[in-house]
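Asker: At position 243 of the sequence shown (counting the first as 1) the number is 956 in our numbering, and the numbers step up by one without a gap.
Ideal Cβ positions, reconstructed from N, Cα and C, are used throughout, including at glycine.
Quick one: the structure is below, and I'll ask about it shortly.
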Amino acid sequence: MAIMDMAMAEKPNNFLSKVPCLAIVGLFISANSLAGEWRFEPSLGLTETYTNNIELSQLDKKSSLVSQFIIGAGINFSSRKLQFSFAGTETLAAYSHDSGLNDDYQTLVANASYSLWQDNLTAIASSSITNVSKNDSGNSLADLITADTVQQRDLSAGLQYDSANSDYSLFSSFISNAVDTEDGIGESHGYTVLINSKSGNAARTIFWQIDGSFANRASGGFSGIDGGFTSENYQFEAKLGVITPYKINPFFRLYHERVTGTLAGSNPEAIPSWGPGLRYQVAKHFIIDLSYNNVINDSHDHYISTSIDWQPSARTSLSASYSNRFFGDSYELDFSHRTRRLINSLSYHETIEVFDRNNYQEVNGDVWCPNNSFNVSDCLPFGQVPDDTSDFQSVPVSSLELVEDNEFSLNKRLAWQSQLALARTTFTLDLSNRERESLSSGIIDEYLEARFSVTRRMTSKSEVIVYIDYSNNIFDKYRPDGPRQEDTYKTFSASYNKSLASSLKAFITLQYLDRQSNVERYTYTEARASINLTKDF
């Protein structure tokens, strides 16, 4: 690790020069902003992983030794105006069973912010490179070992304004964003505008609350696509009320939402609503709102909305709401509670999304099976052709193919995290569930994930981490004749981490995976053993 004042460091790897966000960060740098502290942390690592089932087959398992040489770099800079962080890796992977798979992979997380005016107006930029699953229906746990990932790059830049005092609070932002993928699926570009404002504690006559967002996106990544698909999502809610000497205060609520574009499942008919409401001030930090909403164009039933905002202490907060949107009843929830050793958080949100990597179509194909076998589990993986087909027969099968997402989808996400930190042991439980509904076809996919982990600090330089992971993915859950595909992943992992010296560390990991699927060829088990050595400079 090296710390330098008023200094510049050469880039250690050629791949870093390809990162577009560094050019944006350069626009922020001035003589004043460089008056800060640099922290540069390069590293070299080697990971050897043995797997007994590299091709994820049920019966004909093939083992492999995967070698990963990892070049890493971390940069942090902090000054009065400029904040910048960078973490990137270049991984060279080699596979003993098939040298044709040898490849290099990059990861990156970079963030920059520059204060333009009185710490209220800030220019921000971020960039990331991740390796995501090529097809979740084929393997949602894809990684560099199985070599079935694609590279995804995200780039965003924009302005944020944040101001708060006893009279009011105001936050607004304009962010331009682009997503680019190696296989061209899930690419998009566009911008998002946000505004949130409410009256402060010093308000004595009137109170207000405004929440608005506008998102415009189009298909295509950094370069875009002529004549591609477009989407616009507009959402606005405003409350204006009168403060009375009593705990009940009347207000007026206005809500408007519109989803348009050339994507399937749009809702071009806006459903604006308005109506009177009452705010009940239960306590200083406990507010309940209730309103009756009239739909202006009578295209939708009138409805009641309510919300709760409760912050009994600095360690506990609760916000929840119920309303009605163009797709039906809508709920939101955020809860957090923190004590000295225990942290709990619970959230539920519903969002309209576009251009993701979760749209599939059923396609017919063939797999090659031995002539003397009638069990599909004996067949070769989908798309694999034997060198000699004389002892095999072609059997027609169907599979889910990942395709471009040219539709609006409603995503309902529920997440719960609980962490108990004892003197030397930390227990963590993570639960999440996502339901994705296509607004054009009505197809519903569901993704459930659960992980329980235990981290035990053995000495000041070593620790043991054990976790159990459970995932259940259901594609087309409510299909009359059963889901098109249902996968269950159960993973057990144990790791021992050891600091060998001040800048030298190592780990050993053992992992076992059991996958069950209603598609027989996707049922298999895999065992791995990994050892790593990393040198920090």
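(1) With DSSP as the reference, please indicate the residues paired to residue 862 in a beta bridge.
(2) Note down the Cα distance separating residue 736 from residue 865, rounded to an integer number of angstroms.
(3) I want to know whether the segment 986-1000 touches the segment 962-971 - three or more CB-CB distances under 8 Å.
(4) Does DSSP put residue 1070 in a helix, in a strand, or in coil?
(5) Take the Cβ of residue 790 as the centre, count every other Cβ of all protein chains shown within 10 Å, and call the residue buried at 16 or more, exposed below.
(6) Leaving out five residues before and five after residue 1031 in sequence, what residues of the same chain have Cβ atoms less than 6 Å from its Cβ?
(7) Does the segment 1027-1043 come close enough to the segment 908-916 that 3 or more CB-CB pairs lie under 8 Å?
(8) With DSSP as the reference, identify every bridge partner of residue 1104, one or two as the case may be.
(9) Would a C-beta distance cut-off of 8 Å place residue 1187 and residue 1158 closer than the cut-off?
(10) Looking at the secondary structure, which residues open and close the beta strand (DSSP E) in which residue 825 lies?
(11) To the nearest angstrom, report how far apart residue 905 and residue 885 are at their CA atoms.
(12) Under 8 Å: do the segment 1121-1130 and the segment 1101-1113 share three or more Cβ pairs, one atom per stretch?
(13) Rounded to whole angstroms, how far is the Cβ of residue 1071 from the Cβ of residue 1116, which I believe are closer than 8 Å?
(14) Kindly indicate which three-state DSSP category residue 1234 falls into: helix, strand or coil?
(15) Between 1062, 1063, 934, 1098, which lies nearest to residue 1079 when the distance is taken from Cα to Cα?
(16) Find out if the Cβ-Cβ distance for the pair residue 1204, residue 766 is shorter than 8 Å.
(17) Excluding sequence positions up to five away, which residues of its chain have a Cβ less than 6 Å from the Cβ of residue 1163?
(18) Quick one, are the C-beta atoms of residue 1118 and residue 1189 less than 8 Å apart?
(19) Can you give the Cα-Cα distance for residue 1242 and residue 1050, rounded to whole angstroms?
(20) Helix, strand or coil for residue 776, going by three-state DSSP, please let me know.
(21) Between the beta-carbon of residue 754 and the beta-carbon of residue 1249, is there less than 8 Å?
(22) Whole-angstrom Cβ separation of residue 872 and residue 814, contact assumed at under 8 Å?
(23) Where residue 731 and residue 780 are concerned, what is the direct C-alpha to C-alpha distance, given to the nearest angstrom?
(24) Go through the segment 860-912 residue by residue and report every complete run of the beta strand (DSSP E) that reaches 3 residues or more, in order.
(25) Please state the DSSP three-state secondary structure of residue 852.
(26) With DSSP run on the structure shown, which of helix, strand or coil describes residue 812?
(27) Since residue 1198 contacts residue 1231 with CB under 8 Å, what's their CB separation in whole angstroms?
(28) Measuring CA to CA, which of 944, 1171, 1156 is closest to residue 1195?
(29) In terms of residue numbering, what span does the beta strand (DSSP E) encompassing residue 1086 cover?
(30) In chain order, what residues of the same chain have a beta carbon less than 6 Å from the beta carbon of residue 1019, not counting five sequence neighbours either side?
(31) Using the beta-carbon count (16 or more within 10 Å), is residue 1160 buried or exposed?
(32) Quick check on this structure: which residue in 776, 777, 782 has the alpha carbon closest to the alpha carbon of residue 757?
(33) Take residue 944 and list the residues in its own chain whose beta-carbon comes closer than 6 Å to its own, dropping the five residues that flank it on each side.
(34) Using C-beta distances below 6 Å, list every residue in its chain close to residue 867, excluding the 5 sequence neighbours before and after it, in chain order.
(35) For residue 829, which of 784, 875, 810, 854 has the nearest alpha-carbon?
Answerer: On the basis of the coordinates in this document:
(1) In the sequence shown, the residue the question calls residue 862 occupies position 149. Note: residue 862 is bridge-paired with 846 in the DSSP secondary-structure output.
(2) By one-based count along the sequence shown, residue 736 stands at place 23. By one-based count along the sequence shown, residue 865 stands at place 152. With a pLDDT of only 44 at residue 736, under the threshold of 50, the placement of this residue in the model should not be trusted; the figure read from the coordinates follows. Going from the Cα of residue 736 to the Cα of residue 865 covers about 19 Å.
(3) yes
(4) Walking along the sequence shown from the start, residue 1070 turns up at place 357. It is coil, neither helix nor strand.
(5) Numbered from its first residue, the sequence shown carries residue 790 at position 77. Classification for residue 790: buried.
(6) Indexing the sequence shown from 1 puts residue 1031 at position 318. If we look at residue 1031 and ignore the five residues flanking it on each side, its Cβ neighbours are 1023, 1048.
(7) no
(8) Numbered from its first residue, the sequence shown carries residue 1104 at position 391. In the DSSP output, where bridge partners are listed per residue, residue 1104 has none listed.
(9) Along the sequence shown, one-based indexing puts residue 1187 at 474. Along the sequence shown, one-based indexing puts residue 1158 at 445. In this structure, residue 1158 lies closer than 8 Å to residue 1187 by Cβ.
(10) Along the sequence shown, read from residue 1 onward, the residue named residue 825 stands at position 112. Note, residue 825: beta strand (DSSP E), 816-830.
(11) Position 192 of the sequence shown, counted from the start, is the residue given in the question as residue 905. Position 172 of the sequence shown, counted from the start, is the residue given in the question as residue 885. One C-alpha to the other measures close to 11 Å.
(12) no
(13) For the purposes of this step, residue 1071 is identified with residue 358 of the sequence shown, where counting begins at 1. For the purposes of this step, residue 1116 is identified with residue 403 of the sequence shown, where counting begins at 1. In this structure, residue 1071 and residue 1116 do not form a Cβ contact; the two beta carbons are roughly 10 Å apart against a cut-off of 8 Å.
(14) For the purposes of this step, residue 1234 is taken as residue 521 along the sequence shown, with counting starting at 1. Reduced to three states, the DSSP call for residue 1234 is helix.
(15) If you number the sequence shown from 1, residue 1079 lands on position 366. Selected option, being the one with the closest Cα: 1098.
(16) The residue given as residue 1204 occupies position 491 in the sequence shown. The residue given as residue 766 occupies position 53 in the sequence shown. Taking 8 Å as the Cβ cut-off, residue 1204 and residue 766 do not qualify as a contacting pair.
(17) Counted from its first residue, the sequence shown places residue 1163 at position 450. Cβ within range, chain order: 1144, 1183.
(18) As a working mapping, residue 1118 is identified with position 405 in the sequence shown. As a working mapping, residue 1189 is identified with position 476 in the sequence shown. In this structure, residue 1118 keeps its C-beta atom at 8 Å or more from the C-beta atom of residue 1189.
(19) Along the sequence shown, read from residue 1 onward, the residue named residue 1242 stands at position 529. Along the sequence shown, read from residue 1 onward, the residue named residue 1050 stands at position 337. Using only the alpha carbons, I get a separation of about 38 Å.
(20) Counted from its first residue, the sequence shown places residue 776 at position 63. If DSSP states are grouped into helix, strand and coil, residue 776 belongs with coil.
(21) Here the question's residue 754 lines up with position 41 in the sequence shown. Here the question's residue 1249 lines up with position 536 in the sequence shown. Result yes, Cβ atoms of residue 754 and residue 1249 sit closer than 8 Å.
(22) Here residue 872 is taken as the residue at index 159 of the sequence shown, counted from 1. Here residue 814 is taken as the residue at index 101 of the sequence shown, counted from 1. That pair is no contact at about 44 Å.
(23) By one-based count along the sequence shown, residue 731 stands at place 18. By one-based count along the sequence shown, residue 780 stands at place 67. Confidence is the limiting factor: at residue 731 the pLDDT is only 45, short of 50, which leaves the residue's position unreliable and the question unanswerable from this model.
(24) 862-877, 881-894, 901-912
(25) In the sequence shown, residue 852 corresponds to position 139, counting from 1. It is helical.
(26) Your numbering for residue 812 matches position 99 in the sequence shown. In the structure shown, residue 812 sits in a helix (DSSP, three-state: H, G or I).
(27) Reading the sequence shown from its first residue, position 485 is the one you call residue 1198. Reading the sequence shown from its first residue, position 518 is the one you call residue 1231. The pair is a contact, with the Cβ atoms about 6 Å apart (cut-off 8 Å).
(28) Position 482 of the sequence shown holds residue 1195. Comparing Cα-Cα distances from residue 1195 to each of 944, 1171, 1156, the minimum goes to 1156.
(29) Here residue 1086 is taken as the residue at index 373 of the sequence shown, counted from 1. Taken as a continuous stretch (DSSP letters only), residue 1086 belongs to no beta strand (DSSP E), as it is neither H nor E.
(30) As a working mapping, residue 1019 is identified with position 306 in the sequence shown. The residues are 1003, 1035.
(31) As a working note, residue 1160 is residue 447 in the sequence shown. Counting Cβ neighbours within 10 Å, residue 1160 comes out buried, since at least 16 surround it.
(32) Stepping through the sequence shown from its first residue, residue 757 is reached at position 44. Minimum Cα distance to residue 757 is reached at 782.
(33) To locate residue 944, count along the sequence shown from 1; it is residue 231. Excluding sequence neighbours, residue 944 sits near 930, 974, 976, 1067.
(34) If you number the sequence shown from 1, residue 867 lands on position 154. Cβ within range, chain order: 841, 892.
(35) By one-based count along the sequence shown, residue 829 stands at place 116. Cα-wise, what sits closest to residue 829 is 875.
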